[in-house]
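**Q** First the structure, which I've put down as structure tokens, then a few questions once you've had a look.
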Amino acid sequence: MDHISPVIWQFLVKWLTNFALLPPEASKVAPQMDALLFFMVLVSLIGLTIVVLLVVSFSILYRKKRHPVAVQVEGSTLLEATWTIIPLGLFLVMFVWGALIYFRVYTPPANAMNIYVVGKQWMWKVEHPGGQHEINALHVPTGRAVQLTLISQDVFHSFSIPAFRVKREAIPGRYTTVWFEATTPGTYHLFCTQYCGTNHSQMIGDVVVMTPEEYRKWLTRSDSGASLAQDGERLFASLSCAACHNTRPDARGPSLANVYGAKLPLASGGTVIADDAYLREAILNPSQHVTQGYAPIMPTYQGQISEEGVIALIEFIKNLNSDYRIEQTVNTTEMPPGSEGAPGGKTPAAKGKVKP
Amino acid sequence: MSENTIVSLPDQATARIPKDNYITRENGLLSWLLTSDHKRIAILYLISITFFFFIGGALAGLIRLELLTPQTDLMATDTYNKVFTMHGIIMIFFFLVPSVPATLGNFFIPMMIGAKDLALPKINLLSWYLYMAGGLLALYTMTVGGVDTGWTFTTPLSTHYVNTNVLSTGLAVFIAGFSSILTGLNFIVTIHKMRAPGLTWFRLPLFIWANYAASILMVLGTPVLAIAIVLIALERTLGIGVFDPTKGGDPLLFQHLFWFYSHPAVYIMILPGMGVISEVISNFSRKRVFGYTAVAFSSVAIAVFGFFVWAHHMFIMGISNYAVLVFSLLSMLVAVPSAIKIFNWTLTLYKGSITFETPMLYAFGFLGLFTIGGMTGVFLGSSGTDIHLTETYFIVAHFHFVMVGGMLMAFLSGIHFWWPKMTGRMYPEKISQLAAVVTFIGFILTFFPQFILGMLGMPRRYASYPPEFQILNVFSTAGATILGVGYLLPVLYLIWSLRYGAIAGDNPWQATGLEWQTQSPPLTENFAEIPVMDHEAYDYEWLEKQQKEKGVANAG
Amino acid sequence: MSGHNEQARHIVSPGVYLVILFALLLGTALTVWASYVDLGLWNPVIALAIATTKAVLVVLYFMHVKYSTKLTKLTIIAGIFMFLTLITMTLADYISRAWGSW
Amino acid sequence: MQDSSIHAANAALPAHEEHPAYLRHHFNSAEQQADAAGFAMWLFLLTEVMFFGGLFTAYLIYRNWYYPAFVTGSHQLNVVWGATNTVVLIFSSFTMAMGVWCAQTRRRRGLVLCLALTFILGLSFLGIKTIEYREKIEKHHVPGFHYSLQSFLDPKSNPEVYAEYHDKPLEPDMARHTELYFSLYFLMTGMHALHMIIGIGILGFMILRARAGAYTTGHETFVVNFGLYWHFIDIVWIYLFALLYLISRH
């Protein structure tokens, strides 16, 4: 074998020893996905074998030398029906099976911990609720359902973790979600799979799966001093949201305590569940999301808060279990909206505000 | 007649190419550039398409070279992005879409239905000029800096986040779209209005059915692409906001409009190829296509269902989950007619009398590769597995199996099959069989590893990649080299055959189509007198009787 | 052949054109009037219904489709069908997005 | 009376064997040729339907999303001009249809007159459209060019429109989306006007040829097919008028 270049030879050996059809299965959904994939591969192989076997055996049996005169055979309705119905049946099985997996991957369980991901050209910014920030990396514990809430700041990106068999597009202007439960500790690839411009191929990173203890250690190690909700609180104060969203009887806006997940009656009729997407819309396009009983006077914050800022605000609102915290912010910012540019000696500089 | 072939050539010592034919009728460059003869326009198309194919091929070569190593060493990422974008645009809009229809279709649709020309000959010429204008504009774009949006022009990347030549590329695609609309329109009118007496719909060769179905897609789909491109251009220049999320627009709307054309477009590309395969398999097994009606209707079914599945390109992109279910289900349905076709072609071989000339070898290649390509399409149509496989090399491998393994094989099969009719001379058989085998091997080696790469999760459109994917990429690049040889060979020997090929005579393959019942190369008006069709398509017994009578007449 | 020829291109008389013209003008007046009346949900329905009636009149008489071959009629139906497919299937996505995730 | 004239005309056709000069070589009969051309024209109109289909889809989506913006946006359009233009186009469709009739019954003078009337009506349509566009420019309602939200944030700044519809001021986030309405307005009417301009150009060419008697010797295909195109533009406008001008006027 010396006539093969040693480098290639080494490569071959290395590859053959590590040969795999699929990346490691590191999430709970991965084995389910793989089962369907193997089923499909199997069906394809059987189909291909049938076609190839037929073609080869006909080619041998009926080659001109052996079978000089063709016998004209018209079609057969029975056969046509057979190869219409059997593939159709198989495809429908694949459809249902696939739909079940799709349903599973994109329906997070209620108790999932939420991590925010903002995609921008060309990096992934990950925001943990505890205030840990990561770039092009994602640390998650095993044995716990993790929901990712994704959004893009510019173009379409796609957050892909092949080892988990999950992938979701990060869309400009809209939240998308995906969830997984990691099972095996290790470091796995994180890719942006939607072409997003020049450095698309550099928008990659690592997903680090840790045992719950190590994860806890990592969390304390990467503490940034303030949780996401605290960031949101500062922003809430510096934007003077509490000027209207407070608990006074004459408050111009609804109180935000316990609003997350609640069913809100809308001024335009109908109700809506106040989830992340709704809260984001209500901040950026408030007039279309007015709660019943309030006047549509809230100004739009489009262009004034970055996506991270919106995330921090949502996280803040999510954690509002009582009006106490809002009252705190009211006390620190007693000024009408519009004059929030006043020297904020009392409010610490809030992250997430777009500088004019 | 030999035992291994159906080819029967006239006595080479006495045979001559007929003096009066469409090539010799008029001379000079202008007689070609201003021609309205569908056969000459087909030749113009053939030359220009081949030109664009090799440009697209060269770009593919660059892509494969870059991917030989995990790092970006041959070109910078932005260059790489421009290269794969141009590869996609040229191959899709300037090769695959017009390939079989504009060359073989243009040449043979009128002949197969016994007409003197297409219904609108001047429009036909216009569509070639539009095609060239679009193509040259695309090349111009490439020389002045290229474009790096990917052939899908995804918004808001293409409208707000790149500074490259999106406008001129868009214009090129827009113009090429017009060319394709006019070709499709011309075919539909011709097939409806110009059929020879006696040629009913169910006597038409399946090549006609397939092209008819593809033409419907061209006429109904392409305008939507046109408006999508117009909107992109206006969004870029004036900021109309229709696709701009910051202005309340929805960037996904662009993808709806784009894929409304571009999904049917893959059927525009593959259907005419399927038509070629029907002709070739029938002819080289001397049998009527098994289940003629089923194959004919499956073409139409593909065309109709092909319009209802476009959103399966957007399963993970934020369309509603309900839409995902509907489009996934419909995508499963559109796979069925393709399966029907595969089995009908296979069963056509049953009790035939099979020979293995080059067109047949390519057709066998098509059968195998298209089966794989089609089946892997189901992987992507099923919403669950699509999550893992979409946007990876699995997609790349899938559509190259369908487009290159399917369409290009069919195109080469058709070119070899009709070469004697187009030029009056045979191609050299042995070397062309070799080329067919080389192409097949090169193809498998190039694209099969990409399935595994995709399953492993390697994203598409990456200039650099994690090192563990290298070995499969090396395979793929090695295969591409072989594939390149496989494509270069036919160009060389086909050109050689123009002068030195054996004289083919009217009907070297003993084929039944009307196009074979006239001289080769044909007269400008195709037939000395308008033929009357009095038998079914692929009626080899009729042909035998005909030849016997002719033999008697000649002897007498 | 001449008889066949005549049938292929039926000549519509100016009288018919005149009637259609007045019908179209009436439709225009009607649709403007209707838009000033508050009919709630029915406003767009009525506007589109009137517009469609007008379009059908134009197609049938001005464009001679009433007298043309089945092929022409089929072509038009195919076109309208694809037009509606594009709109309804795209809107299906947009409308069902509002239903929430499942 | 007309019927008899048709018969006379047909009888005057040259005998079947001698093909008329306009019959192109690859057709077997003039009838086949006219059939093919007509069918091709219909297919072309199909592509036009799909082309506008993309715009209508965009319109419907954003109208559903931003209905208040679309309503107030449409109040800024002048319904009188819009209705006038509809009437103008309907008349031009009528004169075009009469033109086709003249060609079919071989009335050269009538044909020239009808085409000229259609030409003039077409030009008037564009003229009115120009007036409307100018008004939009003056009010800064052209997206991308100093677009101003004033008419929507403060409807009273626009007394004429306010007097008629008493629009409530839109909230700023909704008012922004009027820009989308006007984008679609300009896109759709602009595409339509572009088709008109092309049509008028062809009409001019046809008038010259018709004066020379080109369409009144039995070969009226071109006039018939152009008529189809013209009526199609009319139909597009009928829908544009209903969708852009008449969203809600009460």
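Protein chains in written order, with my numbering: chain A, 55 to 410; chain B, 75 to 630; chain C, 109 to 210; chain D, 27 to 276.
Yeah, the Cβ is synthetic: ideal placement off N, Cα and C, and Gly gets one too.
Starting from the Cα of Thr-229/B, find the closest Cα among Leu-305/B, Pro-175/B, Leu-204/B and give me that residue.
**A** Indexing the second sequence from 1 puts residue 229/B at position 155. Measuring from the Cα of Thr-229/B, the nearest candidate turns out to be Leu-305/B.
**Q** I want to verify the contact list: residues of chain D whose CB lies under 8 Å from the CB of Val-120/C, in sequence order.
**A** For the purposes of this step, residue 120/C is identified with residue 12 of the third sequence, where counting begins at 1. Under the 8 Å cutoff, chain D gives Ala-123, Trp-127.
**Q** Comparing alpha-carbon positions, which option in Ala-199/A, Leu-289/A, Glu-223/A lies nearest Met-167/A?
**A** Your numbering for residue 167/A matches position 113 in the first sequence. Residue Ala-199/A is the option with its Cα nearest to Met-167/A.
**Q** For the alpha helix (DSSP H) containing Val-383/B, name the first residue and the last one.
**A** Here the question's residue 383/B lines up with position 309 in the second sequence. It is not in any alpha helix (DSSP H) - Val-383/B carries neither H nor E in the DSSP assignment.
**Q** Ignoring anything shorter than 4 residues, give me the alpha helix (DSSP H) runs that lie fully in the region 79 to 166 of chain A, in order along the chain.
**A** Counting whole runs of 4 or more residues, the region 79 to 166 of chain A contains the alpha helix (DSSP H) stretches 84 to 115, 131 to 159.
**Q** What are the residues in the region 194 to 220 of chain D lying within 7 Å of chain A by C-beta distance?
**A** Cβ contacts with chain A come from Glu-197, Pro-198, Asp-199, Met-200.
**Q** Thinking just about the alpha-carbon of each residue, which of Lys-407/A, Leu-374/A, Glu-362/A, Gly-406/A is nearest to the one in Ile-169/A?
**A** In the first sequence, the residue the question calls residue 169/A occupies position 115. Looking at the Cα atoms, Glu-362/A is the closest of the given residues.
**Q** Run the CB neighbour count on Arg-275/A, radius 10 Å, all protein chains shown included, and call it buried at 16 or more, exposed below.
**A** Numbered from its first residue, the first sequence carries residue 275/A at position 221. It is exposed - the Cβ of Arg-275/A has fewer than 16 other Cβ atoms within 10 Å.
**Q** Can you give the Cα-Cα distance for His-386/B and Lys-221/A, rounded to whole angstroms?
**A** Start at 1 with the first residue of the second sequence, and residue 386/B comes out as number 312. Start at 1 with the first residue of the first sequence, and residue 221/A comes out as number 167. Distance between the alpha carbons of His-386/B and Lys-221/A: 15 Å.
**Q** What residue from Phe-358/B, Leu-563/B, Thr-445/B, Ile-282/B has the CA that sits closest to Ala-413/B's CA?
**A** As a first step, residue 413/B must be located in the second sequence, where it is residue number 339. Of Phe-358/B, Leu-563/B, Thr-445/B, Ile-282/B, the residue nearest in Cα terms is Thr-445/B.
**Q** Using the Cα positions of Glu-235/A and Gly-307/A, report the straight-line distance between them to the nearest angstrom.
**A** As a first step, residue 235/A must be located in the first sequence, where it is residue number 181. As a first step, residue 307/A must be located in the first sequence, where it is residue number 253. Rounded to whole angstroms, Glu-235/A to Gly-307/A spans 39 Å at the Cα level.
**Q** Would the beta-carbon of Asn-78/B fall within 8 Å of that of Pro-175/B?
**A** Indexing the second sequence from 1 puts residue 78/B at position 4. Indexing the second sequence from 1 puts residue 175/B at position 101. No.
**Q** What span of residues does the beta strand (DSSP E) with Leu-178/B cover, start to end?
**A** Reading the second sequence from its first residue, position 104 is the one you call residue 178/B. Segment: none, Leu-178/B is in no beta strand (DSSP E) and carries neither H nor E.
**Q** Output needed for Ser-253/B: all residues of its chain with C-beta closer than 6 Å, excluding positions within five of it in sequence on either side, in chain order.
**A** In the second sequence, the residue the question calls residue 253/B occupies position 179. Excluding positions up to five away in sequence, the list reads Ser-201, Leu-204, Tyr-205.
**Q** If you follow the beta strand (DSSP E) that Gly-259/A is part of, which residue opens it and which one closes it?
**A** Translated into positions along the first sequence, residue 259/A becomes position 205. Per DSSP, Gly-259/A belongs to the beta strand (DSSP E) from 259 to 264.
**Q** Under the assumption that Ala-287/B contacts Ser-405/B (Cβ atoms under 8 Å), give the Cβ distance between them as a whole number of angstroms.
**A** As a first step, residue 287/B is located in the second sequence; it is residue number 213 there, counting from the start. As a first step, residue 405/B is located in the second sequence; it is residue number 331 there, counting from the start. Their Cβ separation, rounded to whole angstroms, is 18 Å, which puts Ala-287/B and Ser-405/B out of contact at 8 Å.
**Q** How would you label Glu-181/A, buried or exposed, when you count the other beta carbons within 10 angstroms and need 16 or more for buried?
**A** What you label residue 181/A is simply residue 127 of the first sequence in a count that begins at 1. So Glu-181/A counts as buried.
**Q** Between Ala-397/B and chain E, is there a C-beta pair that is closer than 8 Å?
**A** No chain E is present in this structure, whose protein chains are A, B, C and D.
**Q** Would a check of beta-carbon distances place Asn-237/B closer than 8 Å to chain A?
**A** The residue you call residue 237/B lines up with position 163 of the second sequence. No - not a single Cβ of chain A is within 8 Å of the one on Asn-237/B.
**Q** Step through the CB atoms of chain A and report whether any lies within less than 8 Å of the CB of Arg-360/B.
**A** In the second sequence, residue 360/B corresponds to position 286, counting from 1. It does; some Cβ of chain A falls within 8 Å.
**Q** Mark Phe-130/C as exposed unless 16 or more other C-beta atoms lie within 10 angstroms of its C-beta, in which case mark it buried.
**A** Along the third sequence, read from residue 1 onward, the residue named residue 130/C stands at position 22. Phe-130/C should be labelled exposed.
**Q** What residue does the alpha helix (DSSP H) around Tyr-567/B start on, and which one ends it?
**A** Residue numbering aside, residue 567/B sits at position 493 when the second sequence is read from its first letter. 544 to 574 is the span of the alpha helix (DSSP H), which, as asked, contains Tyr-567/B.
**Q** Report the neighbours of Met-186/B on chain A: residues whose CB is nearer than 7 Å to its CB, in chain order.
**A** Counting from one through the second sequence, the residue named residue 186/B turns up at place 112. Under the 7 Å cutoff, chain A gives no residues; its nearest Cβ is about 21 Å from Met-186/B.
**Q** Using Cβ-Cβ distances below 7 Å, what residues of the region 134 to 145 of chain C are close to chain D?
**A** Those would be Thr-136, Thr-139, Val-140, Ser-143, Tyr-144, Val-145, in chain order.
**Q** With distances taken Cα to Cα, identify the nearest neighbour of Ala-142/D among Ala-56/D, Gly-125/D, Arg-133/D.
**A** Translated into positions along the fourth sequence, residue 142/D becomes position 116. It is Gly-125/D.
**Q** Compare the Cα-Cα distances from Ile-569/B to each of Met-532/B, Trp-616/B, Gly-516/B, Pro-502/B and report the closest residue.
**A** Translated into positions along the second sequence, residue 569/B becomes position 495. With distances taken between Cα atoms, Ile-569/B lies closest to Pro-502/B.
**Q** Does DSSP put Gly-240/A in a helix, a strand or coil?
**A** Residue mapping note: residue 240/A aligns to position 186 of the first sequence, counting from 1. In this structure, Gly-240/A counts as strand in the three-state DSSP scheme.
**Q** Please name the residue or residues paired with Ser-412/B in a DSSP beta bridge.
**A** In the second sequence, the residue the question calls residue 412/B occupies position 338. None; Ser-412/B has no bridge partner.
**Q** What residue from Ser-118/D, Val-262/D, Ala-47/D has the CA that sits closest to Thr-215/D's CA?
**A** Translated into positions along the fourth sequence, residue 215/D becomes position 189. Of the listed residues, the one whose Cα sits closest to Thr-215/D is Val-262/D.
**Q** Nearest to Arg-360/B by alpha carbon, out of Asn-155/B, Phe-468/B, Ile-526/B, Ile-428/B?
**A** Sequence index remark: in the second sequence, residue 360/B carries index 286 (1-based). Selected option, being the one with the closest Cα: Ile-428/B.
**Q** Along chain B, in chain order, which residues have C-beta atoms closer than 7 Å to that of Thr-198/C?
**A** Taking the third sequence and counting its residues from 1, one reaches residue 198/C at position 90. Per Cβ cutoff of 7 Å: His-330.
**Q** Nearest to Ile-80/B by CA position, among Val-261/A, Asp-88/A, Lys-118/A, Leu-70/A, is which residue?
**A** The residue given as residue 80/B occupies position 6 in the second sequence. Ranking the options by Cα distance to Ile-80/B, first place goes to Lys-118/A.
**Q** From the beta carbon of Val-641/B, is the nearest beta carbon of chain A less than 8 Å away?
**A** There is simply no residue 641/B to check, as chain B begins at 75 and stops at 630 in what is shown.
**Q** Would you mind reading off the limits of the alpha helix (DSSP H) that contains Ser-206/A?
**A** For this step, residue 206/A is matched to residue 152 along the first sequence. Here Ser-206/A belongs to no alpha helix (DSSP H); instead the beta strand (DSSP E) covers 199 to 206.
**Q** Within its chain, find whatever has a CB closer than 6 Å to the CB of Pro-564/B; leave out the 5 residues flanking it on each side and keep chain order.
**A** The sequence position of residue 564/B within the second sequence is 490, counting from 1. Excluding residues within five positions, the ones whose Cβ falls inside 6 Å are Ala-509.
**Q** Which residues, in chain order, does the region 262 to 283 of chain B contribute to contact with chain C at a C-beta distance below 7 Å?
**A** Taking 7 Å as the Cβ-Cβ cut-off against chain C, the residues of the region 262 to 283 of chain B that qualify are His-266.
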